[in-house]
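Numbering (the UniProt record's numbering), first residue to last: 1 to 342. No residue lacks a Cβ here, since even glycine has one placed at the ideal position from N, Cα and C. Following: one structure in structure tokens, then a few remarks.
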């Protein structure tokens with residue numbers, strides 16, 4: 001059935017491919033202007049519509065660079081109820097800056113977190129700050145061609161690498177697979193932790209990277225603890241407790257699997273879901289007898305709306321299966337050279 005549906009949608013995918021291909025060519029030929037800036041700008045993104053792990057990858061970069069440089073993150077602020085350029089402050093919330101930027105702001109108090117759908121305007125405003133950032137991390141800006149980053153990190157999920165996917169609407173790709181050529185490095189995310197060298201080479205062969213591109217493999221590393229405003233629980237204890245798992249992310253199967261067990265109720269919602277009063281009432285009733293464990297991103301929207309002593313979140317991070325030092329050195333070398341040439 002799915003194969004038949006994809007075949008029916010292929011003509012529309014061809015039209016979508018044509019539009020995006022022409023747009024990219026106009027930027028490549030200089031007909032449309034791309035703006036660059038005199039500081040290291042690193043873009044983290046993907047060819048698909050989501051679920052590749054951009055947030056943990058951006059957090060990895062923050063941890064790598066945060067002790068060395070003044071960092072700012074710039075996101076669109078998907079799902080926020082505000083417009084224009086905003087810098088996160090003590091009044092920030094998921095509703096004002098978006099769930100992922102609010103997560104950055106909550107976890108990393110020493111960085112500047114900004115949102116603006118117009119990334120050129122956002123960077124311009126960030127450079128007017130005093131002190132201004134030394135590095136800007138662009139979250140989900142791979143297709144934002146008006147701003148030319150100095151370094152592109154392309155993510156693709158192990159279970160759905162872009163060579164196996166199709167252009168929208170038949171598949172999930174926002175642009176042709178050839179868009180991968182703009183990347184400096186390609187990171188295959190959400191891999192099994194024990195991914196073999198043979199399997200890595202098979203995937204690299206499928207990706208067909210350019211000689212200048214490096215390919216890395218990461219897996220999701222789950223914390224040993226779940227956290228609430230009132231305290232923490234070890235994950236072993238949490239999985240022995242009556243619980244409701246709440247996920248409003250693109251691909252929640254990993255989250256559900258790590259917390260699976262007898263008596264579990266799974267509640268799945270769309271990515272960046274804004275919970276309704278009816279849904280919150282249902283979760284509040286479930287919280288009378290169970291704990292609720294959610295993702296970090298969903299926690300930013302549920303905090304304050306469910307009982308604090310019942311609501312927990314499970315942090316995740318990105319972990320390199322191998323080659324982590326090479327990745328770090330690649331980023332640090334780019335930043336160092338870019339800063340020296342500024």
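Within 10 Å of its beta-carbon, does residue i have 16 or more other beta-carbons around it, so buried, or fewer, so exposed?
i	result
residue 32	exposed
residue 276	exposed
residue 90	exposed
residue 19	exposed
residue 57	buried
residue 84	exposed
residue 12	exposed
residue 94	buried
residue 184	buried
residue 381	Nothing about residue 381 can be read from this structure; the chain reaches only from 1 to 342.
residue 22	exposed
residue 77	buried
residue 196	exposed
residue 175	buried
Just verifying my parser: in three-state terms, what is the DSSP assignment at residue i?
i	result
residue 239	coil
residue 65	helix
residue 143	coil
residue 188	strand
residue 35	strand
residue 179	helix
residue 78	coil
residue 221	strand
residue 208	coil
residue 305	coil
residue 21	helix
residue 317	strand
residue 151	strand
residue 129	coil
residue 287	coil
residue 331	helix
residue 259	coil
residue 137	strand
Would you list the residues sitting across from residue i in a DSSP beta bridge?
i	result
residue 247	268
residue 273	DSSP lists no partner for residue 273.
residue 215	186
residue 48	173
residue 114	74, 87
residue 107	Beta-bridge pairing links residue 107 to no other residue.
residue 322	217
residue 369	Residue numbering for the chain in the displayed model covers 1 to 342; residue 369 lies beyond these limits and cannot be assessed.
residue 294	246, 313
residue 203	Paired residues: none, contrary to the question.
residue 227	232, 313
Please go through the same chain and pick out, in chain order, the residues whose beta-carbon is closer than 7 Å to the beta-carbon of residue i, but skip the five residues on each side of it.
i	result
residue 99	79, 272, 297, 300, 301
residue 159	190
residue 92	102, 105
residue 110	66
residue 27	34, 145
Starting from the C-beta of residue i, find all residues in its chain whose C-beta is less than 6 Å away, skip the five residues before and the five after it, and write them out in chain order.
i	result
residue 204	215
residue 315	223, 296
residue 37	123
Since residue i contacts residue j with CB under 8 Å, what's their CB separation in whole angstroms?
i	j	result
residue 269	residue 248	4 Å
residue 259	residue 245	5 Å
residue 44	residue 153	5 Å
residue 137	residue 71	6 Å
Given residue i, which residues of its chain have a CB within under 8 Å of its CB, disregarding the five upstream and five downstream residues?
i	result
residue 320	216, 217, 218, 327
residue 306	280, 283, 284, 287, 292
residue 265	243, 244, 245, 286, 290
residue 16	167, 168, 169
Cβ of residue i less than 9 Å from any chain D Cβ?
i	result
residue 145	Absence of chain D from the displayed structure is noted, only one protein chain being present.
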